[in-house]
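First comes the structure, then the notes that go with it.
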Amino acid sequence: MSLSRSLERALKVRLHTQLAADPRTHAWTLSLYRAGEHHPETVHDYFPHEAARPRWPWLAEQLKRHAGDERRHAALYTRAIRDMGEEPLELDGLDVLNNTIRAQTRATWAIRPEDGPDVVRIRIAHFLAHAHHLEHRVDRSVGFHVEACERVGSARTHSIAEVAARVQADEVRHISSTLEALTELTTHRERTAILELHESAENAADLAFSSRQLRHLGVAFRDRFGAPDRAFYRLTAVAMELGLALGARMS
Ligand SMILES: [Fe+2]
Ligand SMILES: [Fe+2]
């Protein structure tokens, strides 16, 4: 594991452990996850099974199943939040990871009635690549969260770890199914370019989303963190924002 990956892991597991230790911040974390799971239900360009059906009926079925998994994940998080005596937050805008990724993505995958077969194929490919990299991120984050819940070791965090591990198992399946479908639809050259575009959007979005949430935490849950932690997380947010600005200048 590279040094930056090890540092990221240490930082995020530490943060998730602090969040999971308190039902209020734990519920807030699950609301962030829930918002991403619910996002497909709020837009018209996710899981384009109707556009896929004429040429790739197997993909249409796969996309419908995938959409169903995400609906089930949102419901699992809703129940988990209520089980800890809290209410889910209805988040929108850049507090939804998917929207932050969209804001960093220089491509669209919305299919229009006038689109010819090749445009439809490329747009479905863009959706699959977007979903593939998003699933990677969710898998990593949920993995950190499961580890943190086990560290806290209370009855509440134990049951949330079970829910999150169930979600994670589906996300791992989605990582491979989206890539397999993308491979069927595209040439090697097309796929490489499309994957690169969505990977860099996702990397930038990770910095933008994490720094935004770190700043929010220090204000909304001020009493939950000591002054040194608040200063550390503020500095981390600044470092992420600098990384984002630097990346934008170099691209
Ligand atoms: Fe999910
Ligand atoms: Fe997923």
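Heads up, the numbering used here is the position in the sequence shown plus 93, with the first residue counted as 1.
Here a beta-carbon is modelled for each residue, glycine too, at the ideal position from N, C-alpha and C.
Closer than 6 Å: residue i CB and nearest ligand 2 heavy atom
i	result
Glu264	yes
Glu134	no
Glu228	yes
His238	no
His109	no
Whole-angstrom C-beta distance between residue j and residue i, which should lie under 8 Å
i	j	result
Ser54	Met333	The shown model of the chain, from 94 to 344, leaves out residue 54, and the question about it has no answer.
Leu152	Ala160	Not quite, the Cβ-Cβ distance comes to about 12 Å (not below 8 Å), so this is no contact.
Asp138	Trp202	6 Å
Tyr170	Arg107	Wrong, their Cβ atoms sit about 22 Å apart, outside the cutoff.
Glu183	Arg117	Going by Cβ atoms, the distance from Glu183 to Arg117 rounds to 17 Å, so no, they are not a contact pair.
Phe318	His109	Wrong, their Cβ atoms sit about 14 Å apart, outside the cutoff.
Ala222	Leu275	6 Å
Thr271	His309	The pair is not a contact, with the Cβ atoms about 30 Å apart (cut-off 8 Å).
Pro260	Gly129	Per the sequence shown, the amino acid found at residue 260 is Val instead of Pro. Incorrect: roughly 11 Å between the Cβ atoms, too far for contact.
Val256	Ala113	Their Cβ separation, rounded to whole angstroms, is 12 Å, which puts Val256 and Ala113 out of contact at 8 Å.
Reduced DSSP category for residue i - H, G, I as helix; E, B as strand; rest coil
i	result
Phe302	helix
Thr122	helix
Gly336	helix
Gly186	helix
Ser270	helix
Met343	helix
Ser247	coil
Val331	helix
His281	helix
Val136	coil
Ser95	coil
Cys199	Reading the sequence as shown, one finds Arg at residue 199 and not Cys. If DSSP states are grouped into helix, strand and coil, Arg199 belongs with coil.
Pro321	helix
Asp115	coil
Trp151	helix
Glu228	helix
Closer than 6 Å: residue i CB and nearest ligand 3 heavy atom
i	result
His267	Inclusion of ligand 3 in the displayed structure is not the case, the ligand content consisting of ligand 1 and ligand 2 alone.
Burial state of residue i (16 or more Cβ within 10 Å)
i	result
Thr280	exposed
Val136	exposed
Thr285	exposed
His142	buried
Ser124	buried
Ala338	exposed
Arg195	buried
Ala330	buried
(message) Quick check on the contact list: which residues have their beta carbon closer than 5 Å to a heavy atom of ligand 1?
(response) Chain-ordered list of matching residues: Glu130, Glu163, His166.
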